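Trainee: I'd like to ask you about the structure that follows.
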Amino acid sequence: MKKIVITGGLGYIGMELCKIYSGQSRIKNVVVIDNKFHSSRVEQLKRWGIKFKQIDILDSTNLSKEINNADIIYHLAGITDVATVKENINIKHEKLVYEVGVEGTRNIINLSSKEVKIVFPSTHVIFEGLRKVVHDIDEDYQPIPVLDYAKGKHDSENDLVESNKNYVILRLGSLYGKSFDSTRLNIMPNLFSKISSLHGKITLYSGGKQLKSLVSINDVVRCMEFVGENKKINKEIFNCVNENLSVKNVAELCKKINKKTEIIITDDPVPNEGYTLTNKKIKSKGFKFLYNVENSFREMINAWTDQSQIISNEIIEIGADEFVDERGIISNYYIDDSINMIGYVESNKGSIRGNHYHPVQTQKCLLIKGKYISATKDLLDPNSVVETRLIQEGDLSTIPPNVAHTMVFLEDSIFLNLVNGERDHENYGMTHTLKYDLVNRQLGDLLIESYKTECRVCGGGINHYLSLGLSPLANNLNNEKSTENEMYPLDLNFCKQCSNTQLSVVVPPEKMFNTYLYLSSTSEQFRNHFIGFANELKADLNLKKNSILVDIGSNDGIFLDPIQKLGITSVGVEPAKNVAKIANSNGLTTYTEYFSNETVSKIIKKYGKADVVTAFNVFAHSDGLKDILENVQKLLKNEGEFIFEIQYLLRTINDLTFDNVYHEHVNYWCLLSVIHFFKDSEMKVYKVEEVDTHGGSLRVYATMNKNKRAHKSIKEYIELEKKNKLDKIETYYKFANDVEKIKSNSLKKIEEILLDNKKIIGYGAPAKATTVLNYFGINNDHLEFTIDDNKLKQEKFIPGTGIEIKSASKVKKNNYDYVLVLAWNFYESIVSNNLKKFPNSKFIKLK
Numbered sequence: 010m011k012k013i014v015i016t017g018g019l020g021y022i023g024m025e026l027c028k029i030y031s032g033q034s035r036i037k038n039v040v041v042i043d044n045k046f047h048s049s050r051v052e053q054l055k056r057w058g059i060k061f062k063q064i065d066i067l068d069s070t071n072l073s074k075e076i077n078n079a080d081i082i083y084h085l086a087g088i089t090d091v092a093t094v095k096e097n098i099n100i101k102h103e104k105l106v107y108e109v110g111v112e113g114t115r116n117i118i119n120l121s122s123k124e125v126k127i128v129f130p131s132t133h134v135i136f137e138g139l140r141k142v143v144h145d146i147d148e149d150y151q152p153i154p155v156l157d158y159a160k161g162k163h164d165s166e167n168d169l170v171e172s173n174k175n176y177v178i179l180r181l182g183s184l185y186g187k188s189f190d191s192t193r194l195n196i197m198p199n200l201f202s203k204i205s206s207l208h209g210k211i212t213l214y215s216g217g218k219q220l221k222s223l224v225s226i227n228d229v230v231r232c233m234e235f236v237g238e239n240k241k242i243n244k245e246i247f248n249c250v251n252e253n254l255s256v257k258n259v260a261e262l263c264k265k266i267n268k269k270t271e272i273i274i275t276d277d278p279v280p281n282e283g284y285t286l287t288n289k290k291i292k293s294k295g296f297k298f299l300y301n302v303e304n305s306f307r308e309m310i311n312a313w314t315d316q317s318q319i320i321s322n323e324i325i326e327i328g329a330d331e332f333v334d335e336r337g338i339i340s341n342y343y344i345d346d347s348i349n350m351i352g353y354v355e356s357n358k359g360s361i362r363g364n365h366y367h368p369v370q371t372q373k374c375l376l377i378k379g380k381y382i383s384a385t386k387d388l389l390d391p392n393s394v395v396e397t398r399l400i401q402e403g404d405l406s407t408i409p410p411n412v413a414h415t416m417v418f419l420e421d422s423i424f425l426n427l428v429n430g431e432r433d434h435e436n437y438g439m440t441h442t443l444k445y446d447l448v449n450r451q452l453g454d455l456l457i458e459s460y461k462t463e464c465r466v467c468g469g470g471i472n473h474y475l476s477l478g479l480s481p482l483a484n485n486l487n488n489e490k491s492t493e494n495e496m497y498p499l500d501l502n503f504c505k506q507c508s509n510t511q512l513s514v515v516v517p518p519e520k521m522f523n524t525y526l527y528l529s530s531t532s533e534q535f536r537n538h539f540i541g542f543a544n545e546l547k548a549d550l551n552l553k554k555n556s557i558l559v560d561i562g563s564n565d566g567i568f569l570d571p572i573q574k575l576g577i578t579s580v581g582v583e584p585a586k587n588v589a590k591i592a593n594s595n596g597l598t599t600y601t602e603y604f605s606n607e608t609v610s611k612i613i614k615k616y617g618k619a620d621v622v623t624a625f626n627v628f629a630h631s632d633g634l635k636d637i638l639e640n641v642q643k644l645l646k647n648e649g650e651f652i653f654e655i656q657y658l659l660r661t662i663n664d665l666t667f668d669n670v671y672h673e674h675v676n677y678w679c680l681l682s683v684i685h686f687f688k689d690s691e692m693k694v695y696k697v698e699e700v701d702t703h704g705g706s707l708r709v710y711a712t713m714n715k716n717k718r719a720h721k722s723i724k725e726y727i728e729l730e731k732k733n734k735l736d737k738i739e740t741y742y743k744f745a746n747d748v749e750k751i752k753s754n755s756l757k758k759i760e761e762i763l764l765d766n767k768k769i770i771g772y773g774a775p776a777k778a779t780t781v782l783n784y785f786g787i788n789n790d791h792l793e794f795t796i797d798d799n800k801l802k803q804e805k806f807i808p809g810t811g812i813e814i815k816s817a818s819k820v821k822k823n824n825y826d827y828v829l830v831l832a833w834n835f836y837e838s839i840v841s842n843n844l845k846k847f848p849n850s851k852f853i854k855l856k
């Protein structure tokens, strides 16, 4: 078996050369000799199948035993921490540098066999004595060494040339490039890269005009193997350089990569103005340089610059740099961490894994087959919430330490668990995997039954961007303070294909709407809003007494009433029995059922087809959007109009009205997603306008008459949404970060108030209060109670908080320091109506 010896093999060049020979260690006996011992490097050699011997090259007895039968010796051993100018010379150290370099090389020559081939790295520094600039120095140019390091290299060159041994000498340029922890940082290119990675200052003496010949560490070791293994290359000297740059050029490259790098120019002298070497000779032998300085600098600077820590509970990545041909797909995953174990895991549909966390390890899971819901919670943040995300085939999930994690499998699945760290099973639950009950069987079953895995508008994939935690149903108020509520994830997801936003989970509608505590007519603002629109609609569409209007989700008849008073036939559809009963008792015809195909048939049979169908803030309530659309189309006349109001996503994003998110609203619309939804329907969206309800809503006009001319508002709002980047997921990530900041700041303010022994009460118990209070973790320890004018809500409790809802008439007015307005969309009217009732209180909002 051919024997390869690499002296100084634990060094900068040595480790990279060993990496190349690791691919041949099955058929070659590769031995590294070094006088130092570095645990991680020696471990790596063992993994590569390379032997290690701790021997000093001046120890001729032990050295002889290892090299006397070597076929190739790469003699890299030597001291590289040397002075570069006379002013920095330490005579004792320089003497040692010379002795180790020259005497060590002589030991290699004298103790090796006659047949050996010695590859020796010399240096471009042997020309440091040049007094003027010389370009393209070739291998025949007379060296002019000055300092002991260069003199030692030159003397070793001569010793090799004068020996009877076969040799190849490579005169290396200034090396650059990242290696293992053996990377040399006292070389100008690497030093500049390090300074740049730390946003430091690079000082250029004499303006940085000095010329340098540079070469990548990767090309150097490739060249060594090339000349070492090539039987036609014997007793030769080659320059091994690639790029020729000034020191200033090198600094400017660093600044190009990291603009925070500062360059300082001085007039301080340099030993010489530099010189360049030519690589024509080595290239004539067929060697090709593959690496360039800019890419290598970028790799080093990026590797050493402080990176943003994983601040979210989970990062999900897909494969990159895909290669596709008729055989299939190759997809690549780039992992910074080292891995010492890969676990192959199969999981059955409906099973639950995890319910644990790792105190020090980052967990990476690559899903090969199937689909699962990932539930996480940050254990380092006492105010964190449970988050859920959908993981699909090909997703690489990264979860940082101290994040509790559970997997709920929607399909039979296979994943790889990529681990770096201790995995001894006897230490399970002690050091590397600690139990944390995050998802029980009940919650797991709920997730399996209700989780959405695709966009309901276009069928595309969904991308998580905000979690508001496990939250109870917003309008299902409790009769008792201690009532335990069913909790459902409240997570927002974005579809990159149609710009739709939707919730992860769909709660069965009968749990929310059979009995409903929200009455639209309670609000004077809403009553006036619908009275005004009724008059506007009659005029714009020329509605007559024989016209028919059907309102979906008509609540207590807030819109039916003004329409009916205008003499127009109005019909409501409202599934909440208690609310529909109120409407019918007021003479407002209301079907107590969901807007289904059967309901539409009943209406058509009794009234005929409708001129107008309306839906106010309910078009977001249904998971079956396409069924609604088909039923509307069935109900409308040929020229009929469908007019609906939706909570406007643009205002939610820009105004940070995240508390308008709750389980009743499964979809969050912008015009881009609306247009996409209607694209293949029988209807045409022809006009939009904004209205001031629910923190900002969009009124959308659609018609069965596809020839109707589109209003200019369509183009204007599409342009507005694209200007605000509603079609880019980065917009939604920023929104999520801003929401987190609001939560943090609000909790801080409330804690300061309570620490000052002040009392806080709430005003309002809207659905948004359930969302924000549960997300923030605010309960009856923070708010003593809240006031609401809706009699249906009084003497009940906001779910998940234990906060009682009271009538204003039962509250002592002068006992409270702060009134926290939870119905912030009515903030001004609530304050103006209650200033006299609470003269000693300060009115505040959470945001």
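Per this note's numbering, residue 10 is the first one in the sequence shown, and the count goes up by one each step. We put the CB at the ideal spot given by N, CA and C, even for glycine. Keep in mind that this is a model prediction, so the values were computed, not measured.
(1) Do histidine 133 and leucine 200 come within 8 Å of each other at the CB atom, strictly closer than that value?
(2) Let me confirm a value: tyrosine 353 is counted as buried when at least 16 other C-beta atoms fall within 10 Å, else exposed. Which label applies?
(3) Verify whether the separation of the beta carbon atoms of glycine 566 and leucine 597 is less than 8 Å.
(4) What distance in whole Å lies between the Cβ atoms of glutamate 75 and lysine 62, which are believed to be in contact at a cut-off of 8 Å?
(5) So alanine 413 packs on leucine 447, CB below 8 Å; how close in whole Å?
(6) Does DSSP classify leucine 735 as helix, strand or coil?
(7) Give the single residue among Leu575, Ile13, Ser205 whose Cα lies nearest to the Cα of phenylalanine 542.
(8) Please classify glycine 295 as buried or exposed, where buried requires at least 16 other C-beta atoms within 10 Å of its C-beta.
(9) Can you find the residues in the same chain that come closer than 7 Å, C-beta to C-beta, to serine 563, ignoring five residues on each side of it along the sequence?
(10) Output needed for glutamine 219: all residues of its chain with C-beta closer than 8 Å, excluding positions within five of it in sequence on either side, in chain order.
(11) Does DSSP classify alanine 92 as helix, strand or coil?
(12) Name, in chain order, the residues that DSSP records as bridge partners for methionine 350.
(13) Just the C-alpha distance for histidine 367 and arginine 50, rounded to the nearest angstrom, thanks.
(14) Need the endpoints of the alpha helix (DSSP H) that cysteine 232 sits in, please.
(15) In terms of alpha-carbon separation, which member of Leu475, Lys373, Gly363 lies closest to glutamate 739?
(16) Give me the Cα-Cα distance between lysine 586 and phenylalanine 794, rounded to the nearest whole angstrom.
(17) Please return the same chain residues whose Cβ sits closer than 7 Å to the Cβ of glycine 363, not counting the five positions on each side in sequence.
(18) Taking a contact to mean a Cβ-Cβ separation below 8 Å, would you say cysteine 263 touches isoleucine 226 in this structure?
(19) Of all the options Ser215, Lys187, Thr702, which has the alpha carbon lying nearest to the alpha carbon of valine 302?
(20) Are the beta-carbon atoms belonging to aspartate 164 and valine 111 less than 8 Å from one another?
(21) Let me check understanding here. Comparing Cα to Cα, which of Val609, Thr661, Asn669, Glu673 lies closest to glutamine 642?
(22) Applying the criterion that 16 or more other CB atoms from any shown protein chain within 10 Å of the CB defines a buried residue, is proline 152 buried or exposed?
(23) Less than 6 Å between C-beta atoms, sequence neighbours within five positions excluded: which residues of the same chain meet that for valine 155?
(24) Note down the Cα distance separating serine 491 from tyrosine 381, rounded to an integer number of angstroms.
(25) Return the first residue and the last residue of the alpha helix (DSSP H) that alanine 778 is part of.
(26) Starting from lysine 646 and walking both ways along the beta strand (DSSP E), at which residues does that stretch end?
(27) Nearest by alpha-carbon distance to glycine 786: which of Asp798, Val830, Pro808, Met350 is it?
(28) Which same chain residues, not among the five before or five after phenylalanine 628, have their C-beta less than 6 Å away from its C-beta?
(29) Taking DSSP as the reference, what is the three-state secondary structure of histidine 538?
(30) Strictly by DSSP, which residues pair up with isoleucine 400?
(31) Three-state secondary structure (DSSP) at alanine 86?
(32) What number of angstroms, rounded off, separates the C-alpha of tyrosine 30 from the C-alpha of glutamine 53?
(33) Within 10 Å of its beta-carbon, does valine 94 have 16 or more other beta-carbons around it, so buried, or fewer, so exposed?
(34) Using only CA atoms, which one of Asn746, Leu427, Ile42, Ala774 lies nearest to asparagine 349?
(35) Would you list the residues sitting across from phenylalanine 61 in a DSSP beta bridge?
Mentor: Here's the rundown:
(1) No. Outside cutoff.
(2) Exposed.
(3) At a Cβ-Cβ threshold of 8 Å, glycine 566 and leucine 597 count as neighbours.
(4) Contact holds; Cβ gap of about 6 Å.
(5) Contact holds; Cβ gap of about 5 Å.
(6) Three-state DSSP puts leucine 735 in coil, outside helix and strand.
(7) Closest by C-alpha distance to phenylalanine 542, out of Leu575, Ile13, Ser205, is Leu575.
(8) Looking at its Cβ environment, which holds fewer than 16 other Cβ atoms inside 10 Å, glycine 295 is exposed.
(9) Same-chain partners within the cutoff: Leu569, Gly581, Val582, Glu583, Ala592, Thr599.
(10) Ser255, Val256, Val279, Asn281, Glu282, Gly283, listed in sequence order.
(11) Any answer about alanine 92 is weak, because its pLDDT of 47 lies below 50 and its placement is not dependable; what the coordinates show is given next. Here alanine 92 sits in coil by DSSP.
(12) According to DSSP, which records beta bridges pairwise, methionine 350 is partnered with Val428.
(13) Distance between the alpha carbons of histidine 367 and arginine 50 is about 27 Å.
(14) 226-238 is the span of the alpha helix (DSSP H), which, as asked, contains cysteine 232.
(15) Per the Cα distances, Leu475.
(16) Distance between the alpha carbons of lysine 586 and phenylalanine 794 is about 28 Å.
(17) The answer, listed in chain order, is His414, Thr415, Met416.
(18) No, the pair does not count as a contact, with Cβ atoms beyond the cut-off.
(19) Minimum Cα distance to valine 302 is reached at Lys187.
(20) Cβ atoms of aspartate 164 and valine 111: closer than 8 Å.
(21) With distances taken between CA atoms, glutamine 642 lies nearest to Val609 out of Val609, Thr661, Asn669, Glu673.
(22) Around the beta carbon of proline 152, 16 or more other beta carbons sit within 10 angstroms, so the residue counts as buried.
(23) Within the same chain, valine 155 has close Cβ partners Glu137, Gly138.
(24) Each residue's Cα considered, the two are about 33 Å apart.
(25) Taken as a continuous stretch (DSSP letters only), the alpha helix (DSSP H) holding alanine 778 covers 776-785.
(26) Per DSSP, lysine 646 is one residue of the beta strand (DSSP E) stretching across 645-656.
(27) Closest by alpha carbon: Pro808.
(28) Beyond the five residues adjoining it in sequence on each side, phenylalanine 628 comes within less than 6 Å, by CB distance, of Phe653, Ile655 in the same chain, given in chain order.
(29) For histidine 538, the three-state secondary structure derived from DSSP is helix.
(30) Per DSSP, Tyr381.
(31) When secondary structure is reduced to three states using DSSP, alanine 86 falls in the coil class, being assigned neither helix nor strand.
(32) Straight-line Cα distance between these residues: approximately 13 Å.
(33) Confidence is the limiting factor: at valine 94 the pLDDT is only 47, short of 50, which leaves the residue's position unreliable and the question unanswerable from this model.
(34) The candidate whose alpha carbon is nearest that of asparagine 349 is Leu427.
(35) Looking at the DSSP assignment, phenylalanine 61 forms a beta bridge with Val41.
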